[in-house]
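Quick note on UniProt numbering: the sequence shown kicks off at 1 and runs consecutively. In what follows, a single structure is set out as structure tokens and then discussed.
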Amino acid sequence: MNIFVGSLPWSIEEADLRESFEAYGAVDTVKVVTDKFTGRSKGFGFVEMPNDEEALKAIEELNGATVDGRTIVVNKSEPKPEGERRSFNNNRSGGSGYNGGGNSRGGGNYSGGGNSNRGRY
1 MNIFVGSLPW
11 SIEEADLRES
21 FEAYGAVDTV
31 KVVTDKFTGR
41 SKGFGFVEMP
51 NDEEALKAIE
61 ELNGATVDGR
71 TIVVNKSEPK
81 PEGERRSFNN
91 NRSGGSGYNG
101 GGNSRGGGNY
111 SGGGNSNRGR
121 Y
């Protein structure tokens with residue numbers, strides 16, 4: 001079972017998270033999500049446990065627990081439906097998009113719509 005762990009202290013390491021969950025059973029993987037530019041924790045992560053019964057016990061016991069002064073959130077991770085995923089390559093309509101009009105090269109809008117001719121004449 002894939003488990004979401006949120007509101008983690010910024011200082012928590014994957015080894016610490018693994019240790020907390022191993023008290024309830026076997027742990028396959030642990031991942032603390034980090035910012036790709038700074039390497040700093042984003043304050044959440046995921047734990048994969050092969051035994052659903054042990055995973056549910058861990059969720060029940062650890063949800064609301066305090067870790068380094070922070071109350072953590074622990075629940076079963078559910079994948080987002082495909083339509084809710086954030087994508088920068090989709091075809092958006094209307095005047096929103098990357099630039100929304102108004103840059104020095106004429107304000108083109110990558111997503112269509114808006115004032116794509118602004119500043120060209």
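Yeah, the Cβ is synthetic: ideal placement off N, Cα and C, and Gly gets one too. Bear in mind the structure is a predicted one, so any value in this text is a computation, not a measurement.
Within 9 angstroms, strictly: CB atoms of isoleucine 3 and phenylalanine 44 | For the purposes of this step, residue 3 is identified with residue 3 of the sequence shown, where counting begins at 1. For the purposes of this step, residue 44 is identified with residue 44 of the sequence shown, where counting begins at 1. Contact flag unset, no.
Nearest-angstrom Cα distance between aspartate 68 and leucine 8?
-> Indexing the sequence shown from 1 puts residue 68 at position 68. Indexing the sequence shown from 1 puts residue 8 at position 8. Aspartate 68 and leucine 8: Cα-Cα distance of roughly 9 angstroms.
Host alpha helix (DSSP H) of isoleucine 12 (start-end) | Here residue 12 is taken as the residue at index 12 of the sequence shown, counted from 1. Here isoleucine 12 belongs to no alpha helix (DSSP H), and DSSP marks it neither H nor E.
Thinking C-alpha only, which one of Val32, Glu48, Arg18, Glu22 is nearest tryptophan 10?
-> Stepping through the sequence shown from its first residue, residue 10 is reached at position 10. Out of Val32, Glu48, Arg18, Glu22, Val32 has the C-alpha closest to the C-alpha of tryptophan 10.
Going by DSSP, which residues form a beta bridge with isoleucine 3?
-> In the sequence shown, the residue the question calls residue 3 occupies position 3. Its beta-bridge partners are Val47, Lys76.
Whole-angstrom distance between arginine 18 and tyrosine 24, CA atom to CA atom = Counting from 1 along the sequence shown, the entry for residue 24 is found at position 24. Counting from 1 along the sequence shown, the entry for residue 18 is found at position 18. The straight-line gap from Cα to Cα measures roughly 10 angstroms.
First and last residue of the uninterrupted alpha helix (DSSP H) at lysine 57 | On the sequence shown, position 57 is the one that residue 57 refers to. Segment 52-62, the alpha helix (DSSP H) holding lysine 57.
Let me know the secondary structure DSSP gives arginine 40 once reduced to three states.
-> Taking the first residue of the sequence shown as position 1, residue 40 is located at position 40. Correct three-state label for arginine 40: coil.
Please go through the same chain and pick out, in chain order, the residues whose beta-carbon is closer than 7 angstroms to the beta-carbon of glycine 64, but skip the five residues on each side of it.
-> One-based indexing of the sequence shown puts residue 64 at position 64. Answer for glycine 64: Thr71, listed in chain order.
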